[in-house]
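Below: one structure, written as structure tokens.
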Amino acid sequence: MKILLDNRVVVITGAGGGIGKATAIKLAEAGANLALLGGHNISKINQTAELARSLGARVFSLPGDLTDDNFLASCIDKILDHFGQIDVLINNAGIAHNAPFEKTDVEVLDKIYRINVRTPFVLSQKVLPYLRLSDHAAIVNISSSLGHKGYAGQSAYAASKHALRGMSKAIANELYTEGIRVHTVCPGGVYTDMLSVARPDLSSEGMIMPDDVAETILFLLQYRTNAVIDEINIRREGKPPYEI
227 MKILLDNRVV
237 VITGAGGGIG
247 KATAIKLAEA
257 GANLALLGGH
267 NISKINQTAE
277 LARSLGARVF
287 SLPGDLTDDN
297 FLASCIDKIL
307 DHFGQIDVLI
317 NNAGIAHNAP
327 FEKTDVEVLD
337 KIYRINVRTP
347 FVLSQKVLPY
357 LRLSDHAAIV
367 NISSSLGHKG
377 YAGQSAYAAS
387 KHALRGMSKA
397 IANELYTEGI
407 RVHTVCPGGV
417 YTDMLSVARP
427 DLSSEGMIMP
437 DDVAETILFL
447 LQYRTNAVID
457 EINIRREGKP
467 PYEI
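Take any residue in the sequence shown, count from 1 to its spot, add 226: that is its number in the numbering used here.
Here you go:
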């Protein structure tokens, strides 16, 4: 059954560009209201917010440090003050790093884990009491094909995306009896700024586009039947599963 997203409140991290921005636009078109959480690039988040507002969505943008627990807690409080509810959390924000394992500093690993794993963990905990009040509750975690497969030069990033998949599975097993769905989306090579860091050798030709992933997320949120999709893997045409 297709569920209308009218007046549902969706929290999206990493909404300044790429998958987060494309998802915000798709959900705005579908009638959702949005809370956009991003990094320190205020202009990018504001641009996404203005595009979503032009489509009729109510939008609340909150730029700041997603690794700061106090900031995350204040975001939830402000979102509730502004909208009065939270129905969906999309953990999309992430960073990548391309370097041989031997030359990857542990400080880099810590930084990647803070944004790619710890932030989704903390945010999911903080929104959970409010998701329990929704009849359309969902958490969507954006992992990666590198959550299935490791690539040379991607030890820290692949480790973080494997961890995010594991976290998603554990949360799904805890929350399924409460009607809260936890979806994991694992795209291959998506043509975003992050791809230029992870795979600078790739061009836009034949790549997955942010809109492709956004359409998948929209489908997960709009169609609620007795069949639950726990994980979706998205690959490029002509490429094997889990290939960037």
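Glycine included, every Cβ here is placed at the ideal spot set by N, Cα and C.
Whole angstroms is fine: what's the gap from A256's alpha carbon to A378's? 39 Å
Taking the Cβ atom as the reference point for each residue, do A241 and A254 lie within a distance shorter than 8 Å? no
Option in I302, A364, A389 with minimal Cα separation from K375: A389
If you draw a straight line from the C-alpha of Q448 to the C-alpha of S381, how long is it? 35 Å
Thinking C-beta only, is V237 closer than 8 Å to I316? yes
C-alpha distance - A364 paired with D232, whole-angstrom precision: 15 Å
According to DSSP, simplified to helix, strand and coil, what is G246? helix
Between the beta-carbon of I312 and the beta-carbon of L357, is there less than 8 Å? yes
Taking the straight line between their C-alpha atoms, what separation do you get for R450 and L260? 20 Å
Are the beta-carbon atoms belonging to I368 and I341 less than 8 Å from one another? no
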